[in-house]
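Trainee:
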Amino acid sequence: MISFILIILMSLIFTGIVIRTKSITSGRKGPGIFQPLKDLARLFKKGSVYSQTTSFIFQLAPSVYLASILMAVLVIPLGQYKGILSFEGDFVFFAYVLGAGKFFSILSAMDTGSSFEGMGASREALFSMFAEPAFFLLMGSFALLTGYTSFQQIFHSLHFGSSVSYVLMVLATYVLVMIALIENSRMPIDDPKTHLELTMVHEVMVLDNSGFDLGMILYGTPLKLAMYGGLIANLFMGDFPLVLTIPIFLGLQIAFAVTVGIIESFMARFRMNHNAQYILTLSSVSLLILLGVLLILGQFN
Amino acid sequence: MTNVLLIIFTITLLYLGIAHRLLTYIKILAFQGILLFGIAFIELIEIDLANLSFVLLETVIFKTIAIPLFLQYVMKRNRITRDAEPYLPNFMSLIIITLIIISTFLLSNTIPDARISKIYFVVALSTLFTGLFIIASRNKLITHVMGYLVIENGVFILSLAVGTEMPVLVNLGILLDIFASIFLLGIFVNRIGDVLRDVDVDQLSQLKD
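The listed protein sequences derive, respectively, from chains A and H.
Counting from 1, one number per residue, gives the positions in the first sequence under the numbering used here.
Counting from 1, one number per residue, gives the positions in the second sequence under the numbering used here.
Listed below in structure tokens is the structure:
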């Protein structure tokens, strides 16, 4: 329950912090932290315009997309405190409920009949497909390490033992940050600011959405980022009391937002045909995490 | 602690798979030298001082400083282009190196009661095969030598695995190998570079009297 409220609160200012970091590093005055929120409020006041070639899927998809992300947020715990939903194997639920949302957003992009949107949808599907084994290898290794299969129990019983576990934590944080950036089509994979349809990934899929629907899709991005930030923060909580977990959570979220801003300020985007290999690297690194877990468990020494 | 260094070493192998530029290869080789220094220092701290300092000097001076500088010099002198020019796309290289790591891991599990620690065995063997793969899949002569150096690193890790009773001979052999390879390369590349301008393995098959 607490984690849900915290993630929703954080999602309201997440993009704001990213944009603020970018404007500070590039020496501009820039908009305030709440500017993205105001933009969203403006969009939510509007009605939507639907093209005549689209079917009901196009109208359904933005709601399904946002709802899937909200469903996924439900299972995120906060240290030893459970999320609203918590059951055995909920990380599989987490991955596939997000997958369902993504599936609908891909369908709606194809529904418009625009060739650009089909191209973007194909890229988004490809990148998510490559990122998925990394996530499952990572969570599977943690499940193997702790012997539990739900987020709350895994994160509750993760603790730093030997020196190997520290390197595993660093690698896991890296993998999760990169997965978050890929799933949200942020900088090293995709440039959210680009104005050329040929090089877009996520933005090109929502070209036909407008008004309220566009607002829902745009709100999905900070919500997803804050959700992954919450997942990363959980790695460092263990079984601390609530007085400690909330500052750790907020601190790590803000650090994550600033990191995203710094990455977007100082890194160039990868070339489109090189993206696949960078994403696949995550799976290889996750495989090393699995080997490290086997090492800790003494299956292998 | 050595386990941490060995895991980082394995990550450098993956990075080697997706690197584009020769300079990145050289930096990775230098970094591997630093990692080997750390592993050797922790693993061999109990042996006598002269031997230890020899091993450490070898890793730092040769693997980390001398060879990368020399490779850079050779690159500059022969005007070798900066791209690695692999036969395969880097995506395939990454998959193959990952498969190499998986298969050595599975192989190490099938060997019962190995005398050496298994993580050393896995990292050393996958380094060996990765070096071999880099030799087989890259176009230029200089990347072949780099693959050879990666193989040398694998042999070094394997010899570290036998622990404190490591004979000086193994060490000397490694040093000699490196020296010979670089020395040969120096002569070889200089000659060929003068005649053919570009040191590409494909062009070696066209050599005639």
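Note that beta-carbon positions come from the ideal geometry of N, C-alpha and C, so glycine has one too.
On a predicted model such as this, the values are computed, not experimentally measured, just so you know.
1) With DSSP as the reference, please indicate the residues paired to Tyr-228 (chain A) in a beta bridge.
2) Using a threshold of 7 Å, state whether the C-beta atoms of Ile-179 (chain A) and Phe-127 (chain A) are closer than that.
3) Below 9 Å between beta carbons is the criterion; list the residues of the segment 130 to 152 of chain H that meet it against any residue of chain A, in chain order.
4) Under 7 Å Cβ-Cβ, which residues of chain A neighbour Phe-105 (chain H)?
5) Going straight from the alpha carbon of Asp-194 (chain H) to that of Gly-38 (chain H), what length do you get?
6) Would DSSP call Leu-78 (chain A) helix, strand or coil?
7) Determine the direct distance from the alpha carbon of Thr-110 (chain H) to that of Ser-103 (chain H), and round the result to whole angstroms.
8) Please list the partners that Leu-94 (chain H) has in chain A, where partner means a Cβ-to-Cβ separation under 8 Å.
9) For the pair the segment 244 to 263 of chain A and the segment 52 to 64 of chain A, tell me if three or more CB-CB distances fall below 8 Å.
10) Measure the C-alpha to C-alpha separation of Lys-27 (chain H) and Pro-68 (chain H) and round it to an integer number of angstroms.
11) Is the distance from the Cβ of Ala-255 (chain A) to the Cβ of Phe-14 (chain A) below 7 Å?
12) Quickly, what does DSSP pair Arg-138 (chain H) with across the bridge? List them, please.
13) For chain A, is any of its Cβ atoms less than 7 Å away from the one on Ile-39 (chain H)?
14) Which word fits Phe-91 (chain A), buried or exposed, when buried means at least 16 other C-beta atoms lie within 10 angstroms of its C-beta?
15) Near Ile-34 (chain H), what residues of its chain come up, given a Cβ to Cβ distance below 7 Å and the 5 sequence neighbours on each side ignored?
16) Let's see if you can read the secondary structure: which residues bound the alpha helix (DSSP H) around Thr-259 (chain A)?
17) How about Ile-69 (chain A) and Asp-111 (chain A): are their beta carbons less than 7 Å apart?
18) Do Phe-34 (chain A) and Phe-212 (chain A) have their C-beta atoms closer together than 7 Å?
19) Which same chain residues end up closer than 8 Å to Tyr-87 (chain H) when comparing Cβ atoms and leaving out the 5 residues on each side of it in sequence?
20) Using DSSP with H/G/I as helix, E/B as strand and the rest coil, what is Arg-269 (chain A)?
21) Under 7 Å Cβ to Cβ from Ala-100 (chain A), same chain only, skipping five residues before and after it: list those, please.
22) Does DSSP put Arg-28 (chain A) in a helix, in a strand, or in coil?
23) With a threshold of 7 Å between beta carbons, is Val-195 (chain H) in contact with chain A?
24) What is the C-beta distance between Ala-124 (chain H) and Ala-84 (chain H), in whole angstroms, given that I count them as a contact (C-beta under 8 Å)?
25) Nearest CA to the CA of Thr-25 (chain A): which residue from A:Ser-265, A:Arg-269, A:Leu-207?
26) Is the distance from the Cβ of Met-200 (chain A) to the Cβ of Thr-194 (chain A) below 7 Å?
Mentor: So, from the listed chains and residues:
1) Answer is none; Tyr-228 (chain A) lacks a bridge partner.
2) no
3) none
4) Leu-291
5) Because the pLDDT of Asp-194 (chain H) is 48, which lies under 50, any placement of that residue in the model is unreliable, and the number read from its coordinates should be weighed accordingly. Each residue's Cα considered, the two are about 40 Å apart.
6) strand
7) 11 Å
8) Gln-277, Leu-280, Thr-281, Ser-284
9) no
10) 7 Å
11) no
12) H:Pro-86
13) no
14) buried
15) Thr-64
16) 242 to 266
17) no
18) no
19) Ser-137, Arg-138, Asn-139
20) coil
21) Ser-68
22) coil
23) Caution applies to Val-195 (chain H), whose pLDDT of 49 falls short of 50 and renders its modelled position unreliable; the value that the coordinates give is listed next. Not an interface residue.
24) That pair is no contact at about 24 Å.
25) A:Ser-265
26) yes
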